[in-house]
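**Student:**
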Amino acid sequence: QVQLVESGGGLVQPGGSLRLSCAASGALFSINAMGWYRQAPGNERELVARIISGGTTNYADSVKGRFTISRDNAKNTVYLQMNSLKPEDTTVYYCNYITIATTQSYWGQGTQVTVSS
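Per my numbering, the sequence shown runs over residues 1037 to 1153.
(1) Go to isoleucine 1088, then tell me how far its beta strand (DSSP E) extends in each direction, as first and last residue.
(2) On the three-state DSSP scale, how would you describe aspartate 1097?
(3) Pick from Ala1060, Gly1046, Val1038, Gly1062: whose alpha carbon is nearest that of valine 1128?
(4) What separation, rounded to the nearest whole angstrom, lies between the Cα atoms of glutamine 1148 and serine 1057?
(5) Is the closest heavy atom of the ligand HEM to the C-beta of glycine 1146 under 7 Å?
(6) For arginine 1086 versus tyrosine 1130, is the C-beta distance shorter than 8 Å?
(7) Along the chain, where does the beta strand (DSSP E) that runs through arginine 1102 open and close?
(8) From this set, Glu1124, Gln1140, Trp1143, which residue's C-alpha is nearest serine 1156's C-alpha?
This is the structure in structure tokens:
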């Protein structure tokens, strides 16, 4: 089992910034992918950004140029720096961990991000 603990959500004004963190613990494998997804009410969960253990990243088109994902492998932690936030970024953000060898997937509990004036 893998446990994911998220932090960093909150309320911010349009144009502001937030940084989300997600720390993984438990039965971790060195080759993995960690990422952030978001899900608005009534919508499917969508990928925001993902980073593979070797450093390869990919982003949703809607956040390219505004969000940056990074990871600290020594701390088993992934970060999402969110800049130039827009009201449409408001939703719950979920951390995800995937073991590449088995494709087993784990989710965090979610953290609310609200962009509003």
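By construction, the Cβ of each residue, glycine as well, lies at the ideal position given by its N, Cα and C atoms.
**Tutor:** A quick look at the data gives this:
(1) Sequence index remark: in the sequence shown, residue 1088 carries index 52 (1-based). First-last of the beta strand (DSSP E) with isoleucine 1088: 1082-1088.
(2) Counted from its first residue, the sequence shown places residue 1097 at position 61. In the structure shown, aspartate 1097 sits in coil (DSSP, three-state: anything other than H, G, I, E or B).
(3) Counting from one through the sequence shown, the residue named residue 1128 turns up at place 92. Nearest of Ala1060, Gly1046, Val1038, Gly1062 to valine 1128, Cα basis: Gly1046.
(4) Locating residue 1148 in the sequence shown gives position 112, counting from the first residue. Locating residue 1057 in the sequence shown gives position 21, counting from the first residue. The straight-line gap from Cα to Cα measures roughly 13 Å.
(5) Questions concerning the ligand HEM fall outside what the structure shown contains, since it holds no ligand whatsoever.
(6) As a position in the sequence shown, residue 1086 is number 50, starting the count at 1. As a position in the sequence shown, residue 1130 is number 94, starting the count at 1. Not a contact, by the Cβ cut-off of 8 Å.
(7) Sequence index remark: in the sequence shown, residue 1102 carries index 66 (1-based). Element bounds for arginine 1102: n/a, residue is neither H nor E.
(8) Absent from the structure is residue 1156, since the part of the chain shown begins at 1037 and ends at 1153.
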